[in-house]
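A.B. asks:
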Amino acid sequence: DTAVSQTPKYLVTQMGNDKSIKCEQNLGHDTMYWYKQDSKKFLKIMFSYNNKELIINETVPNRFSPKSPDKAHLNLHINSLELGDSAVYFCASSQGGGGNYGYTFGSGTRLTVV
Amino acid sequence: GENVEQHPSTLSVQEGDSAVIKCTYSDSASNYFPWYKQELGKGPQLIIDIRSNVGEKKDQRIAVTLNKTAKHFSLHITETQPEDSAVYFCAAGGGGSQGNLIFGKGTKLSVKP
Chain A
1 DTAVSQTPKY LVTQMGNDKS IKCEQNLGHD TMYWYKQDSK KFLKIMFSYN NKELIINETV
61 PNRFSPKSPD KAHLNLHINS LELGDSAVYF CASSQGGGGN YGYTFGSGTR LTVV
Chain B
1 GENVEQHPST LSVQEGDSAV IKCTYSDSAS NYFPWYKQEL GKGPQLIIDI RSNVGEKKDQ
61 RIAVTLNKTA KHFSLHITET QPEDSAVYFC AAGGGGSQGN LIFGKGTKLS VKP
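From first to last, the protein sequence lines stand for chains A and B.
Counting from 1, one number per residue, gives the positions in the first sequence under the numbering used here.
Counting from 1, one number per residue, gives the positions in the second sequence under the numbering used here.
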């Protein structure tokens with residue numbers, strides 16, 4: 001009965017490849033997010049979706065493309081992977097947007113680009 | 001936009017001592033301030049939060065205080081235990097100028113037995 005689940009947990013791939021990370025939440029939340037956590041543990045917002053609609057798209061290379069088929073799912077596709085993309089990617093969800101509600105985070109996907 | 005500063009970046013205490021982590025925020029319109037605990041290999045977990053209409057909130061050994069005038073808020077952990085060792089993040093949101101929580105850079109807390 002995991003609240004926010006991400007797959008895969010680990011992803012090792014070569015530069016130039018394309019990969020996807022999937023996220024699902026069963027909390028009935030309307031808003032979902034992708035965060036990137038670098039080696040210094042800094043959490044940086046990438047994207048935010050509210051009920052399948054893109055709300056926030058921070059300064060992220062257009063090689064990163066989120067897709068939300070429904071409000072319970074938010075997937076992240078990355079094209080032409082680069083060494084600098086290596087990080088832990090967290091999916092999260094909240095009851096609403098605007099920074100007014102706490103987030104529930106997934107357990108993360110550790111991406112290593114070699 | 002909102003900016004959240006968190007201090008210290010690392011904190012080491014003896015078991016049983018208290019630990020305090022402090023954050024400041026820049027957007028006076030922010031009105032929601034959660035704290036997260038991230039254990040090794042896991043995602044951040046919400047441990048306590050406070051809204052701007054409240055000055056202090058407690059939950060067992062943890063408490064959060066908010067000073068709206070000074071725009072700072074703090075996490076207090078009493079009677080620390082080794083299992084409190086983790087990275088703690090503060091965040092601020094709800095100010096309207098941004099649509100998401102803005103996180104501090106984290107504090108690595110080590111509790112030595």
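Beta carbons are placed, not taken as given, at the ideal position from N, Cα and C, and that holds for glycine.
For A/Lys-67, I'd like the list of residues in its chain whose CB is within less than 6 Å of its CB, leaving aside the five on either flank, ordered along the chain.
C.D. replies: Numbered from its first residue, the first sequence carries residue 67 of chain A at position 67. Excluding residues within five positions, the ones whose Cβ falls inside 6 Å are Asn-75.
A.B. asks: What three-state label does DSSP hand B/Glu-5 in the structure shown?
C.D. replies: Against the second sequence, residue 5 of chain B aligns to sequence position 5. In the structure shown, B/Glu-5 sits in a strand (DSSP, three-state: E or B).
A.B. asks: Scan the segment 27 to 44 of chain B for residues whose Cβ lies nearer than 9 Å to a Cβ of chain A and list them as they occur along the chain.
C.D. replies: Ser-30, Asn-31, Tyr-32, Pro-34, Tyr-36, Gln-38, Gly-41, Lys-42, Gly-43 and Pro-44
A.B. asks: Return the bridge partner residues of B/Leu-76 from the DSSP annotation.
C.D. replies: In the second sequence, counting from the first residue as 1, residue 76 of chain B sits at position 76. The sequence shown places His at residue 76 of chain B, rather than the Leu named in the question. Its beta-bridge partners are B/Val-20 and B/Ala-63.
A.B. asks: Using a Cβ cut-off of 8 Å (strictly closer), state whether B/Leu-11 contacts chain A.
C.D. replies: For the purposes of this step, residue 11 of chain B is taken as residue 11 along the second sequence, with counting starting at 1. Chain A, which has no Cβ nearer than 8 Å to the Cβ of B/Leu-11, makes this no.
A.B. asks: Is the shortest distance between the beta-carbon of A/Leu-43 and the beta-carbons of chain B less than 8 Å?
C.D. replies: Looking up residue 43 of chain A in the first sequence gives position 43. Yes - at least one Cβ of chain B is within 8 Å of the one on A/Leu-43.
A.B. asks: Using 8 Å as the threshold, is the segment 58 to 66 of chain A in touch with the segment 94 to 104 of chain A, meaning 3 or more CB pairs across them?
C.D. replies: no
A.B. asks: Would you mind listing the beta strand (DSSP E) stretches within the segment 7 to 48 of chain A that are 3+ residues and don't spill past its ends, in chain order?
C.D. replies: 10 to 13, 19 to 25 and 31 to 37
A.B. asks: How about B/Ser-52 and B/Asn-31: are their beta carbons less than 8 Å apart?
C.D. replies: Here residue 52 of chain B is taken as the residue at index 52 of the second sequence, counted from 1. Here residue 31 of chain B is taken as the residue at index 31 of the second sequence, counted from 1. Closer than 8 Å, so yes.
A.B. asks: Chain A beta carbons: is any one of them nearer than 8 Å to that of B/Asn-53?
C.D. replies: In the second sequence, the residue the question calls residue 53 of chain B occupies position 53. No - not a single Cβ of chain A is within 8 Å of the one on B/Asn-53.
A.B. asks: From A/Ser-20 to A/Tyr-101, what distance separates their C-alpha atoms?
C.D. replies: Position 20 of the first sequence holds residue 20 of chain A. Position 101 of the first sequence holds residue 101 of chain A. Going from the Cα of A/Ser-20 to the Cα of A/Tyr-101 covers about 27 Å.
A.B. asks: For A/Asp-18, which residues in the same chain have their Cβ closer than 6 Å to its Cβ, ignoring the five residues on either side in sequence?
C.D. replies: Here residue 18 of chain A corresponds to residue number 18 of the first sequence, with the count starting at 1. Once the five neighbours on either side are set aside, the close Cβ partners of A/Asp-18 are Asn-79.
A.B. asks: By DSSP's criteria, B/Val-111 is part of a beta bridge. Which residues make up the other side?
C.D. replies: Against the second sequence, residue 111 of chain B aligns to sequence position 111. DSSP, once it has assigned bridges, lists B/Val-13 as partnering B/Val-111.
A.B. asks: Under 8 Å between C-beta atoms, does A/Ile-78 make it to chain B?
C.D. replies: For the purposes of this step, residue 78 of chain A is identified with residue 78 of the first sequence, where counting begins at 1. Chain B contact via Cβ: absent.
A.B. asks: Using beta carbons (cut-off 8 Å, strictly below), is B/Leu-109 in contact with chain A?
C.D. replies: For the purposes of this step, residue 109 of chain B is taken as the residue at position 109 of the second sequence. Output row for B/Leu-109: interface = no.
A.B. asks: Between A/Tyr-103, A/Val-114, A/Val-113 and A/Asp-85, which has its C-alpha nearest A/Asp-30's C-alpha?
C.D. replies: Here residue 30 of chain A is taken as the residue at index 30 of the first sequence, counted from 1. Ranking the options by Cα distance to A/Asp-30, first place goes to A/Tyr-103.
A.B. asks: Would you check if the segment 36 to 52 of chain B and the segment 75 to 88 of chain B touch, i.e. whether three or more CB-CB distances between them fall below 8 Å?
C.D. replies: yes
A.B. asks: Hey, quick one: how far does the beta strand (DSSP E) through A/Leu-111 stretch, first residue to last?
C.D. replies: The residue given as residue 111 of chain A occupies position 111 in the first sequence. That run of the beta strand (DSSP E) goes 109 to 113.
A.B. asks: Measuring alpha carbon to alpha carbon, tell me which of A/Thr-13, A/Met-32 and A/Leu-54 ends up nearest A/Ala-3.
C.D. replies: Numbered from its first residue, the first sequence carries residue 3 of chain A at position 3. With distances taken between Cα atoms, A/Ala-3 lies closest to A/Met-32.
A.B. asks: Report the rounded CA-to-CA distance for B/Ile-62 versus B/Gly-55, giving the unit in angstroms.
C.D. replies: Along the second sequence, one-based indexing puts residue 62 of chain B at 62. Along the second sequence, one-based indexing puts residue 55 of chain B at 55. Cα-Cα distance, rounded: 14 Å.
A.B. asks: Between which two residues does the beta strand (DSSP E) containing A/Val-60 stretch?
C.D. replies: If you number the first sequence from 1, residue 60 of chain A lands on position 60. For A/Val-60, no beta strand (DSSP E) segment is defined, and its DSSP state is neither H nor E.
A.B. asks: Please decide whether B/Lys-22 counts as near chain A, where near means a Cβ-Cβ distance under 8 Å.
C.D. replies: Reading the second sequence from its first residue, position 22 is the one you call residue 22 of chain B. By this cut-off, B/Lys-22 is not an interface position.
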